[in-house]
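With full-length UniProt numbering applied, the sequence shown corresponds to residues 1 to 179, in that order.
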Amino acid sequence: PLRRVGQPLDIAKGVIFLASSDASFITGANLVVDGGEVFAIDLRAVVELIHESVPHLEKTNGTIIDISSNLGIAPYKPSLAYGTAKAALDMVTRVLALELGPKGIRVNTLNPGSTQTTDKLDPIYEKAEDFTPLKRLGQPLDIAKAVAFLASSDASFITGANLVVDGGLVYNIGAFNTL
Numbered sequence: 001p002l003r004r005v006g007q008p009l010d011i012a013k014g015v016i017f018l019a020s021s022d023a024s025f026i027t028g029a030n031l032v033v034d035g036g037e038v039f040a041i042d043l044r045a046v047v048e049l050i051h052e053s054v055p056h057l058e059k060t061n062g063t064i065i066d067i068s069s070n071l072g073i074a075p076y077k078p079s080l081a082y083g084t085a086k087a088a089l090d091m092v093t094r095v096l097a098l099e100l101g102p103k104g105i106r107v108n109t110l111n112p113g114s115t116q117t118t119d120k121l122d123p124i125y126e127k128a129e130d131f132t133p134l135k136r137l138g139q140p141l142d143i144a145k146a147v148a149f150l151a152s153s154d155a156s157f158i159t160g161a162n163l164v165v166d167g168g169l170v171y172n173i174g175a176f177n178t179l
């Protein structure tokens, strides 16, 4: 489910960082039935939080950083609903960059790939390591540094961008479809 990382008005003086901790992969065939919860978590909740944050961000010339996925860029068979929701979030970012830019608000998306968040790896993550050109999984610090960059003044002329942080895995996701 969507988690608040901190109080929206306290996070880095006007930076709204949105992430869902539920990487939902629906393998059923019915996108309408099975995808509803995925869309609610990975798209609608993010859009609603952005909507609520805009008045504050206008006052602070803040920035919005959405966390999407490399599966929003490259298709992967067992992730129809998740990949579709993340692709839609990528488009939301681009449209909001156009709409909110004149208000001084930057909007960007981070598209991470397989990230090691526990000591014990699921077999799919072990395979992901093999298909990643850098031959390792992402670490939470890799993602945090990318978010920090997008939130910083070094990225002050970047808006509407999708920053892919996946060690190049996005270029080999098609290989997973054969497993």
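Positions of the beta carbon are idealized from the N, C-alpha and C atoms, including for glycine.
Taking a 10 Å sphere around the C-beta of A81, we find 16 or more other C-beta atoms and assign the residue as buried. If you look at D66, you'll find it in the beta strand (DSSP E) that goes T63 to I67.
As computed with DSSP, G138 is found in a beta bridge with T115. Looking only at D154, P133 and T159, the smallest Cα-Cα distance to R94 is reached by T159. Looking at the DSSP output, V92 bridges to nothing.
Counting only residues of its own chain and dropping the five nearest sequence neighbours on each side, A155 has a CB closer than 7 angstroms to the CB of F149.
Within the DSSP secondary-structure output, T132 pairs in no beta bridge.
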